[in-house]
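Just so we're aligned: 236 in this note's numbering is position 179 of the sequence shown, and the numbers increase by one with no gaps anywhere. C-beta atoms are modelled at their ideal positions from N, C-alpha and C, and glycine is treated no differently.
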Amino acid sequence: MTDTSPLDPSVDSRIDTPIDVLIRTVARLRAPDGCPWDAEQTHASLVPYLLEESHELIEAIEAGGREELLEELGDVLYQVLFHADLAAHTAGEDFDLQDVAARLTRKLEGRHPHVFGDLDLATADDVAAAWDGFKATEKPGRTSVLDGIPQGMPALALADKVLGRAQKIGLLDADGADFPLPLESEDELGPLLLAIVSAAKARGLDSERALRTAVRGLQDEIRAAELDSAEFAGAADAATDFSDAGIIGLPTEND
């Protein structure tokens with residue numbers, strides 16, 4: 058941990074910017090003579106608030122204005138500052154906001170060699186195509202395209218993420234040409250999803266659990282396909298050996 062942390066209320070910042078004041082405010086709240094509720098919190102106990110504030114930020118982005126966005130960004134920032142201050146005063150963690158910032162800077166630089174290095178990537182598509190390679194260099198221990206996906210995501214977001222990884226290795230047609238429903242816009246998609254959830258609810262079915270179960274099965278199939286490719290075709294050719302795997306599709310009467 059850095060020797061002089063802005064999370065330490067005894068540190069007198071020479072540049073009194075709003076972020077400096079905020080950091081000291083959070084430290085003051087969690088100081089021994091601060092707020093008793095704040096003092097009792099842990100990383101785990103704050104999770105519900107992080108989720109709530111994240112969803113409120115999303116709502117502000119999608120439907121709010123300037124003031125809503127400004128407020129909700131601040132609430133999410135507060136969560137980051139709170140967790141960093143907790144870690145700074147927790148034995149065995151011993152890091153603070155400066156350490157978080159330093160780690161993030163290294164990650165951003167490592168994942169953007171086209172900005173901070175000599176690699177030439179001219180378009181956003183070029184960056185997207187190279188992105189997995191950047192992360193693989195950063196996290197060499199990962200062995201599956203599914204590694205790193207948070208399984209606690211809401212089922213719909215999790216499904217979208219897993220399907221995106223399936224596209225990367227050829228298990229799913231990226232343009233959706235094989236899907237029988239002619240969906241062209243989110244205005245068409247939204248009512249269809251709502252109708253599915255409504256029909257499930259009328260029958261006492263849990264849409265979230267059903268989709269999560271289906272996604273879990275899909276992940277099992279993806280890992281099995283990766284294993285088969287590595288064993289029989291060689292890991293270097295893994296991205297090209299799934300063309301007829303056919304694991305993505307609508308259920309049939311025989312399923």
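Return no unless some Cβ of chain B is closer than 8 Å to the Cβ of residue i.
i      : result
Ser286 : No chain B is part of this structure, which consists of one protein chain only.
Excluding the 5 residues flanking residue i on each side, which residues of the same chain have their C-beta closer than 6 Å to its C-beta?
i      : result
Ser264 : Val254, Ala257
Glu129 : Glu113, Leu114, Ala117
Leu107 : Gln136
Val184 : Leu178
By Cβ distance, which residues of its chain are closer than 7 Å to residue i, with the 5 residues on each side in sequence left out?
i      : result
Asp95  : Leu86, Arg87
His100 : His140, Leu143
Thr309 : Note that Thr309 has pLDDT 49, beneath the 50 cutoff, so the model's placement of it is unreliable and no number is given.
Leu268 : Ala212, Leu213, Ala216
Please identify the residue among the options whose C-alpha is closest to the C-alpha of residue i.
i      : options                        : result
Ala84  : Leu249, Leu143, Gly274         : Leu143
Pro211 : Gln98, Phe152, Ser111          : Ser111
Ala186 : Thr200, Asp175, His171         : His171
Leu238 : Leu249, Val272, Ala181         : Leu249
Gly274 : Pro75, Glu113, Val219          : Val219
Glu97  : Gly261, Asp183, Val272, His146 : His146
Asp203 : Ala179, Gly174, Leu228         : The residue you asked about is not Asp; residue 203 is Leu in the sequence shown. It is Leu228 whose Cα lies nearest to the Cα of Leu203.
Leu134 : Ala271, Ile80, Arg260, Asp244  : Ile80
Tell me the rounded alpha-carbon separation between residue i and residue j.
i      : j      : result
Phe191 : Gln224 : 18 Å
Ala117 : Gly131 : 12 Å
Glu150 : Thr82  : 21 Å
Glu283 : Gln208 : 19 Å
Glu119 : Glu125 : 11 Å
Pro105 : Ile226 : 35 Å
Trp188 : Arg168 : 7 Å
Leu37  : Asp90  : Because residue 37 is not part of the residues shown, which for the chain are 58 to 312, the question remains open.
Cys92  : Arg160 : 29 Å
Lys164 : Ala158 : 10 Å
Thr162 : Leu103 : 25 Å
Ile72  : Val78  : 10 Å
Ile206 : Gly221 : 11 Å
His252 : Gly121 : The sequence given here places Ala at residue 252; His does not occur at that position. Roughly 26 Å between the two C-alpha positions.
Leu246 : Arg266 : 20 Å
Skipping 5 residues on each side, what residues in its chain have a beta carbon closer than 8 Å to that of residue i?
i      : result
Ser201 : Ile279, Arg280, Glu283
Val272 : Ala212, Leu215, Ala216, Val219
Ordered list of alpha helix (DSSP H) runs contained in the segment 232-289, each at least 4 residues: 243-259, 264-289
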